[in-house]
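**Student:**
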Amino acid sequence: MTGAILAHEMMHAWFRLRGIRTGQLELKVEEGMCQVIGRKWLEWLEAQDRKTSSAITEHAQFQRNLIETYKYVVDMHSSYEYGHGFREAKWAVEKYKLHRTIDHILTYRKLPE
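According to full-length UniProt numbering, the sequence shown is numbered sequentially starting from 1.
(1) Is the Cβ-Cβ distance between residue 106 and residue 18 less than 8 angstroms?
(2) By the three-class DSSP mapping on this structure, what secondary structure does residue 1 have?
(3) Let me confirm a value: residue 6 is counted as buried when at least 16 other C-beta atoms fall within 10 Å, else exposed. Which label applies?
(4) For residue 29 and residue 71, what's the separation of their Cα atoms in angstroms?
(5) Is it the case that the stretch 96–105 contacts the stretch 46–64, given that we only count it when at least three CB pairs across the two stretches are under 8 angstroms?
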């Protein structure tokens with residue numbers, strides 16, 4: 001799950017590299033988008049496991065359960081910034097795709113509607 005946390009934090013760094021300073025985005029927009037990126041990393045990890053591993057070892061099952069649990073925690077987070085922000089960002093990404101959603105955030109400093 002360290003990878004999901006790193007992906008989340010790297011999205012913060014990417015925003016800074018693109019000239020968006022801390023406080024220029026509503027917190028729920030920035031944290032929500034970072035949560036989306038972290039969750040996408042979990043989905044990628046899950047897909048890699050399905051492609052490369054048919055292991056039914058205790059460790060492999062533990063990792064699969066951990067991925068599912070972490071995805072659930074992200075999905076159901078109750079805070080305004082991380083939870084509500086994630087759900088709004090996820091909706092935008094599902095509707096407009098990731099690249100267009102990020103471009104919209106960079107241009108307008110908010111999620112597309």
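All C-beta atoms in this analysis are idealised placements derived from N, C-alpha and C, irrespective of residue type, glycine included.
**Tutor:** Let me lay it out:
(1) yes
(2) coil
(3) exposed
(4) 19 angstroms
(5) no
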